[in-house]
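Engineer:
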Amino acid sequence: MDDLLIIDKAKYHSRLLVGTGKYKNHNETAAAIKASGAEIVTVAIRRTNIGQNKNEPNLLDSISPQKYTILPNTAGCYTAGDAIRVCQLSREILEGKNLVKLEVLGDKKTLYPNIDETIIAAEKLIKDNFKIMVYTNDDPIIAKRLEEIGCISVMPLAAPIGSGLGIRNPSNILSIVENASVPIIVDAGVGTASDATIAMELGCSGVLMNTAIAEAKNPVLMASAMKKGVLAGRQAFLAGRMSKKKYASASSPTDGMPD
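The numbering of the sequence shown is the working numbering, which starts it at 108 and goes up by one.
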């Protein structure tokens, strides 16, 4: 059977979600996304033209909404009010589509989420029929609360946005996964393919990344590596790793052999 990621009742074969910022140009963006195999592409509405500015190049001319699920995000918002306005703008641009990635930041230095404002925005947007995939910290209590108020996916950070530090607190990510009934997608901090693999081995439903691909020396090649890393981690999780042992264990059977 196909191992599918289900978001808002839509089914996806790829568990790698990618962003569109920091590339040299739209052609490089399109080539990297193609190499990644991603089917969900997130776009920062405040920073990227997807039709709201008629006199500027439109990203959607390179990344077709007919081929990809366009996931608008509220990057750059620091209050619930700002995030809500951006979501409403995205719904207008994308002809009524309600799926959004919500992030409300606390400050410009760390880019950690402002949890109080995030919760306020999420509650109001959900009442307005938005389908919220929400960026948050790696606090299992907060993650569960965001799920309980109606977010369809919770997206804890692995490390600060754009840092490339990898998963700094795997035990918290694991706790979030074990207590969730919605997809948990690691968002932010991945630096290389092994980081993506670790996230998937922990049981996450997917990984979202941008900087790790866009700022690689060869973004297209890194996108391909990330695709393989996510797939390997998912297969390892499904296979079930061997138990860890304190001492050596012979690879070949020894039963019936002389002492």
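Glycine is no exception: its CB is placed at the ideal position from the N, C-alpha and C atoms.
1) For the alpha helix (DSSP H) containing residue 218, list its first residue and its last residue.
2) Given that a residue counts as buried once 16 or more other Cβ atoms are within 10 Å of its Cβ, and exposed if not, what is residue 292?
3) What are the boundary residues of the beta strand (DSSP E) that residue 314 is part of?
4) Quickly, what does DSSP pair residue 119 with across the bridge? List them, please.
5) With a threshold of 8 Å, are at least 3 pairs of Cβ atoms found where one atom belongs to the segment 130-142 and the other to the segment 163-179?
6) Going by DSSP, what residue range makes up the alpha helix (DSSP H) through residue 176?
7) Helix, strand or coil: which one does DSSP assign to residue 207?
8) Per the contact definition of three or more C-beta pairs closer than 8 Å, is the segment 334-346 in contact with the segment 295-304?
9) Would you mind giving the Cβ-Cβ distance between residue 222 and residue 191, rounded to the nearest angstrom? I have them listed as a contact below 8 Å.
10) Would you give the residue range spanned by the beta strand (DSSP E) that residue 294 belongs to?
11) Starting from residue 241, trace the beta strand (DSSP E) in both directions and tell me its first and last residue.
12) Following the continuous alpha helix (DSSP H) through residue 330, name the residue where it begins and the one where it ends.
13) For residue 239, tell me which candidate among 115, 111, 110, 348 has the shortest Cα-Cα distance.
14) Give the C-beta separation of residue 323 and residue 265 to the nearest angstrom, bearing in mind that I take them to be a contact with Cβ-Cβ under 8 Å.
15) Taking Cβ to Cβ, would you say residue 310 is nearer than 7 Å to residue 289?
16) Where do the ends of the alpha helix (DSSP H) carrying residue 248 lie?
17) Where do the ends of the beta strand (DSSP E) carrying residue 263 lie?
18) What do you reckon, are the CB atoms on residue 178 and residue 208 nearer than 7 Å?
19) With a CB to CB cut of under 6 Å and the five nearest residues on each side skipped, what residues in its chain are close to residue 327?
20) Would you kindly report the start and end of the unbroken alpha helix (DSSP H) that includes residue 151?
21) Based on DSSP bridge pairs, tell me the residues matched to residue 125.
22) Straight-line CA distance for residue 287 to residue 251?
23) With three or more beta-carbon pairs closer than 8 Å as the criterion, would you say the segment 180-191 touches the segment 208-219?
24) Taking the alpha carbon of residue 193 as the point to measure from, which residue in 216, 232, 152, 242 has its own alpha carbon closest?
25) Between 197, 149, 259, which has its C-alpha nearest residue 316's C-alpha?
26) Taking the CB atoms as reference points, tell me whether residue 235 and residue 263 lie closer together than 7 Å.
Structural biologist: Well, looking at it:
1) Position 111 of the sequence shown, counted from the start, is the residue given in the question as residue 218. First-last for residue 218: undefined, no H or E at that position.
2) Translated into the one-based positions of the sequence shown, residue 292 becomes position 185. By the neighbour-count rule (16 or more Cβ atoms within 10 Å), residue 292 is buried.
3) As a position in the sequence shown, residue 314 is number 207, starting the count at 1. Run containing residue 314: 313-316, per the beta strand (DSSP E) assignment.
4) As a working mapping, residue 119 is identified with position 12 in the sequence shown. Its beta-bridge partners are 112.
5) Touching, yes.
6) In the sequence shown, residue 176 corresponds to position 69, counting from 1. Segment 176-180 is the beta strand (DSSP E) holding residue 176; no alpha helix (DSSP H) there.
7) The residue labelled residue 207 in the question sits at position 100 within the sequence shown. Strand at residue 207.
8) Short answer: they touch.
9) Position 115 of the sequence shown, counted from the start, is the residue given in the question as residue 222. Position 84 of the sequence shown, counted from the start, is the residue given in the question as residue 191. With 8 Å as the limit, residue 222 and residue 191 do not qualify as a contact, their Cβ atoms being about 16 Å apart.
10) If you number the sequence shown from 1, residue 294 lands on position 187. Residues 292-294.
11) Within the sequence shown, the letter at position 134 stands for residue 241. For residue 241, the uninterrupted beta strand (DSSP E) run begins and ends at 238-243, by DSSP.
12) Looking up residue 330 in the sequence shown gives position 223. The continuous alpha helix (DSSP H) containing residue 330 extends over residues 326-346.
13) Counting from 1 along the sequence shown, the entry for residue 239 is found at position 132. The residue with the shortest Cα to Cα distance from residue 239 is 115.
14) Stepping through the sequence shown from its first residue, residue 323 is reached at position 216. Stepping through the sequence shown from its first residue, residue 265 is reached at position 158. Going by Cβ atoms, the distance from residue 323 to residue 265 rounds to 17 Å, so no, they are not a contact pair.
15) Locating residue 310 in the sequence shown gives position 203, counting from the first residue. Locating residue 289 in the sequence shown gives position 182, counting from the first residue. No, Cβ-Cβ distance for residue 310 and residue 289 is not below 7 Å.
16) Position 141 of the sequence shown holds residue 248. It spans 247-255 - the alpha helix (DSSP H) in which residue 248 sits, taken as one unbroken run.
17) In the sequence shown, residue 263 corresponds to position 156, counting from 1. Following the DSSP letters along the chain, one finds residue 263 inside the beta strand (DSSP E) bounded by residues 260-263.
18) Here residue 178 corresponds to residue number 71 of the sequence shown, with the count starting at 1. Here residue 208 corresponds to residue number 101 of the sequence shown, with the count starting at 1. In contact: residue 178 and residue 208 (Cβ atoms closer than 7 Å).
19) For this step, residue 327 is matched to residue 220 along the sequence shown. The beta carbon of residue 327 sits closer than 6 Å to those of 138, 139, 142, all from its chain and outside the five residues before and after it, given in chain order.
20) For the purposes of this step, residue 151 is taken as the residue at position 44 of the sequence shown. Run containing residue 151: none in the alpha helix (DSSP H); it sits in the beta strand (DSSP E), 147-151.
21) The residue labelled residue 125 in the question sits at position 18 within the sequence shown. Under the DSSP definition of a beta bridge, residue 125 partners with 148, 316.
22) For the purposes of this step, residue 287 is taken as the residue at position 180 of the sequence shown. For the purposes of this step, residue 251 is taken as the residue at position 144 of the sequence shown. For the pair residue 287 and residue 251, the Cα-to-Cα distance works out to about 7 Å.
23) At 8 Å Cβ cutoff, the stretches touch.
24) Position 86 of the sequence shown, counted from the first residue, corresponds to residue 193. Out of 216, 232, 152, 242, 152 has the C-alpha closest to the C-alpha of residue 193.
25) Taking the sequence shown and counting its residues from 1, one reaches residue 316 at position 209. Nearest to residue 316 by C-alpha distance, out of 197, 149, 259, is 149.
26) In the sequence shown, counting from the first residue as 1, residue 235 sits at position 128. In the sequence shown, counting from the first residue as 1, residue 263 sits at position 156. Judged by beta-carbon spacing, residue 263 lies beyond the 7 Å limit of residue 235, meaning their Cβ atoms are not closer than that value.
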